[in-house]
Ligand SMILES: Cc1ncc(C[n+]2csc(CCOP(=O)(O)OP(=O)(O)O)c2C)c(N)n1
Ligand code: SF4
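Chains as they are written, first to last, in my numbering: chain P, 1 to 389; chain Z, 1 to 292.
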């Protein structure tokens, strides 16, 4: 392992020179962990996530991390993450589909416990019958716990979002977990070009005292710390305390937005802001959407793209603004419930402009033609030919 | 840390709550009280909302009074009765989700080892039979298999006290309780044997009838965990509500159970034994010397 020197967070994320590598999404996530000065990672295998945690284990063996182990199961892994974070360590773990659901009770308690962990979510179907295919319905289960949820389109995003996640999670005015999701296999097991900053640089050490809550390490007065005391006596004060705490978690989530602007160039990416029809997509559906928009433009159609990078905090006003003149909105998704469509519908006026789909699920790929069909329908173009470009 | 953390910042003496001033002046931090002196010093645990006459509450009180190093101890609990008192003490307390104690403790202890390689930070789990042997069974066992350096204390009231009296895996066979309307179907889990088999280096079973012995057992479990691996105490702490034990009969019941099936039992590995011989024969130990 090369000697790593600590560099300023902004320098590493925004300015450091980058070198292009052709790597998988799993490698991209591990490359981010390599530069994040992580203290501890706790692993539990599940396809298609395992490779990420294999690679992180190798990083530990090389000396990049101080501790790493394979936990007994997901609940144990995510509870141990909570323990390690309270002890003041910088922590990372990753999971997929059923693993996320198995550990959900622990994960959804992280924001309230102010656990600034970074969680990789390499999506996989959760519905029976069992399957290991990519399907991102699991993200919808994460949306209401208070965590920041970023959705990566490709290997480059996986790297950038994961490295930024450590910085965002530990901002004193945020200090909640950041989940970085991407589609299993499509991104984790496929290679893409990723511009990487030097591997001999790392983020500054975690300073556990730069935190809105004290670490539980017996180092700071007063002695009577009840950081996690339950609030459940039935009186007005306890309701109030809990209510205020919940509000604070969601405010922390909202405060993450300014760092998403700083490190990820904003929560959305827009192509052709004056378009008549928009395709709104996140994750690797955005890659297909990008293609559909490119084809449409080649055909002379006025179609634009809104790629949503941050699902939580959800870019309400940004989306409202960019879609204000849209005649129709197509939201391709890799899940049956259409959680992104629901999110978009909930923040725009005249939300019947959002067409229902296209959606693929169970692990299918998303043909660009399906997106184009919806675009044609909105524009009243009758076409039964396949796209030929 | 050291005792800096229980010192009052100069200039604030007049403004600190009486409770805190008493802790600094007469509390256990940095001192080694004998458990027989209970009542003559300011205890870490002041008040709690557990049922009057609850034997578990008594055990928690003795537990806090027995800590070898309270100023550097973190207690981990979970849903269940014990945490009602555990969270009311002058020792940092972590309350996770039901049954996750030993996983949280694993992460915490490792993080503290990374951050404070030269200091002893004791992590102690105190949780009910349901929390450790039912819902948290896997996490309990695996923390032992992984040889994590912390102590687990099971306060076994043989019932789910906190949710109103359902049977647990530690309930004795045949006992009729809520959710076991026809009586418990299988034997009480032999957790002491499990702990040994799973790799605990120090294991004790007690019916807490003798405070001196409780204190010694707790100290031993915590000291052994620092150096050698996981340690476990199985303590009978009856629930006088669900088992209808009148308050004045609680100790009598504990003695009866001690004779029947909770006889004092202690197991330790040879190296732990050798260690205790070394430190305990030196006479009264100061906590700093005990740190080895
Ligand atoms: C996931 C989950 N399931 C169930 C509960 C409800 N619950 C709270 S305390 C408890 C039982 C506690 O029994 P035990 O662990 O034996 O401790 P005791 O109260 O008897 O001391 C249960 C089932 C919970 N809090 N979380
Ligand atoms: S319910 Fe039982 S174990 Fe719980 S506090 Fe009351 S007496 Fe103690």
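For each residue, glycine too, the CB sits at the ideal point set by N, CA and C. As the structure is a computational prediction, the values presented were derived from the model and not from experiment.
Cβ distance (whole Å) where residue i is taken to contact residue j below 8 Å
{"i": "residue 137 of chain P", "j": "residue 311 of chain P", "result": "That pair is no contact at about 13 Å."}
{"i": "residue 150 of chain Z", "j": "residue 188 of chain Z", "result": "No, residue 150 of chain Z and residue 188 of chain Z are not in contact; Cβ-Cβ is about 25 Å, not under 8 Å."}
{"i": "residue 63 of chain Z", "j": "residue 237 of chain Z", "result": "Not a contact, Cβ separation roughly 10 Å."}
{"i": "residue 152 of chain Z", "j": "residue 125 of chain Z", "result": "5 Å"}
{"i": "residue 264 of chain P", "j": "residue 166 of chain P", "result": "Wrong, their Cβ atoms sit about 13 Å apart, outside the cutoff."}
{"i": "residue 180 of chain P", "j": "residue 150 of chain P", "result": "5 Å"}
{"i": "residue 65 of chain Z", "j": "residue 43 of chain Z", "result": "6 Å"}
{"i": "residue 70 of chain Z", "j": "residue 216 of chain P", "result": "About 14 Å; that fails the 8 Å criterion."}
{"i": "residue 307 of chain P", "j": "residue 153 of chain P", "result": "6 Å"}
{"i": "residue 332 of chain P", "j": "residue 372 of chain P", "result": "Contact flag wrong, Cβ pair sits at about 10 Å."}
Within-8 Å CB hit, residue i to chain Z
{"i": "residue 266 of chain P", "result": "no"}
{"i": "residue 391 of chain P", "result": "Lying before the first or after the last residue shown, residue 391 of chain P is absent from chain P, which here runs from 1 to 389."}
{"i": "residue 183 of chain P", "result": "no"}
{"i": "residue 141 of chain P", "result": "no"}
{"i": "residue 109 of chain P", "result": "yes"}
{"i": "residue 86 of chain P", "result": "yes"}
{"i": "residue 72 of chain P", "result": "yes"}
{"i": "residue 170 of chain P", "result": "no"}
{"i": "residue 79 of chain P", "result": "yes"}
{"i": "residue 375 of chain P", "result": "no"}
{"i": "residue 42 of chain P", "result": "yes"}
Reference residue i, options the options, closest by Cα
{"i": "residue 119 of chain Z", "options": "P:218, P:362 and P:299", "result": "P:218"}
{"i": "residue 27 of chain Z", "options": "Z:166, Z:85 and Z:6", "result": "Z:6"}
{"i": "residue 140 of chain Z", "options": "Z:29, Z:200 and Z:255", "result": "Z:200"}
{"i": "residue 13 of chain P", "options": "P:164, P:347 and P:359", "result": "P:164"}
{"i": "residue 269 of chain P", "options": "P:94, P:328, P:322 and P:116", "result": "P:322"}
{"i": "residue 4 of chain P", "options": "P:98, P:62 and P:133", "result": "P:62"}
{"i": "residue 222 of chain Z", "options": "Z:143, Z:240 and Z:203", "result": "Z:203"}
{"i": "residue 183 of chain Z", "options": "Z:174, Z:88 and Z:190", "result": "Z:174"}
{"i": "residue 355 of chain P", "options": "P:361, P:342 and P:52", "result": "P:342"}
{"i": "residue 68 of chain P", "options": "Z:106, Z:36, Z:95 and Z:102", "result": "Z:106"}
{"i": "residue 23 of chain P", "options": "P:364, P:348, P:360 and P:188", "result": "P:188"}
{"i": "residue 326 of chain P", "options": "P:54, P:353, P:339 and P:45", "result": "P:353"}
{"i": "residue 57 of chain Z", "options": "Z:256, Z:82, Z:18 and Z:73", "result": "Z:82"}
{"i": "residue 90 of chain Z", "options": "Z:247, Z:24 and Z:159", "result": "Z:24"}
{"i": "residue 120 of chain P", "options": "P:175, P:173 and P:44", "result": "P:44"}
{"i": "residue 93 of chain P", "options": "P:371, P:33 and P:19", "result": "P:33"}
Residue i beta carbon near ligand 1 (any heavy atom closer than 7 Å)
{"i": "residue 96 of chain P", "result": "no"}
{"i": "residue 168 of chain Z", "result": "yes"}
{"i": "residue 240 of chain Z", "result": "no"}
{"i": "residue 105 of chain P", "result": "yes"}
{"i": "residue 145 of chain P", "result": "no"}
{"i": "residue 299 of chain Z", "result": "Nothing can be reported for residue 299 of chain Z: it is not among the residues displayed for chain Z, which extend from 1 to 292."}
{"i": "residue 127 of chain Z", "result": "yes"}
{"i": "residue 81 of chain Z", "result": "yes"}
{"i": "residue 95 of chain Z", "result": "no"}
{"i": "residue 328 of chain Z", "result": "Residue 328 of chain Z falls outside the range modelled here, since chain Z spans only 1 to 292, and no answer is possible."}
8 Å Cβ cutoff, residue i in contact with chain P
{"i": "residue 106 of chain Z", "result": "yes"}
{"i": "residue 142 of chain Z", "result": "yes"}
{"i": "residue 230 of chain Z", "result": "no"}
{"i": "residue 115 of chain Z", "result": "yes"}
{"i": "residue 15 of chain Z", "result": "no"}
{"i": "residue 164 of chain Z", "result": "no"}
{"i": "residue 132 of chain Z", "result": "no"}
{"i": "residue 97 of chain Z", "result": "yes"}
{"i": "residue 94 of chain Z", "result": "yes"}
{"i": "residue 138 of chain Z", "result": "yes"}
{"i": "residue 34 of chain Z", "result": "no"}
Heavy atom of ligand 2 within 7 Å of residue i beta-carbon
{"i": "residue 16 of chain Z", "result": "no"}
{"i": "residue 350 of chain P", "result": "no"}
{"i": "residue 51 of chain Z", "result": "yes"}
{"i": "residue 131 of chain Z", "result": "no"}
{"i": "residue 154 of chain P", "result": "no"}
{"i": "residue 29 of chain P", "result": "no"}
{"i": "residue 338 of chain P", "result": "no"}
Partners in chain B for residue i, counting only beta-carbon separations shorter than 9 Å
{"i": "residue 181 of chain Z", "result": "Absence of chain B from the displayed structure is noted, the protein chains being P and Z."}
Only counting runs of 4 or more residues, tell me where the alpha helix (DSSP H) segments fall wholly within the segment 316–358 of chain P, in order along the chain.
316–322 and 339–347
Suppose only complete runs of 4+ residues qualify. What are the alpha helix (DSSP H) ranges in the segment 31–71 of chain P, listed by chain order?
50–62
Just list the beta strand (DSSP E) runs in the segment 146–174 of chain Z, keeping only unbroken ones of 3 residues or longer that don't cross its boundaries, in chain order.
151–156
Which runs of the alpha helix (DSSP H), 4 residues or longer, sit entirely within the segment 94–148 of chain P?
97–102, 104–109 and 138–142
Which ranges does the alpha helix (DSSP H) cover as unbroken runs of at least 4 residues, wholly within the segment 39–121 of chain Z, from first to last along the chain?
55–66, 82–86 and 101–115
Runs of beta strand (DSSP E) lying entirely within the segment 248–290 of chain Z, each at least 3 residues, in chain order:
If we require 3 residues or more, the beta strand (DSSP E) runs fully inside the segment 248–290 of chain Z come out as 265–268.
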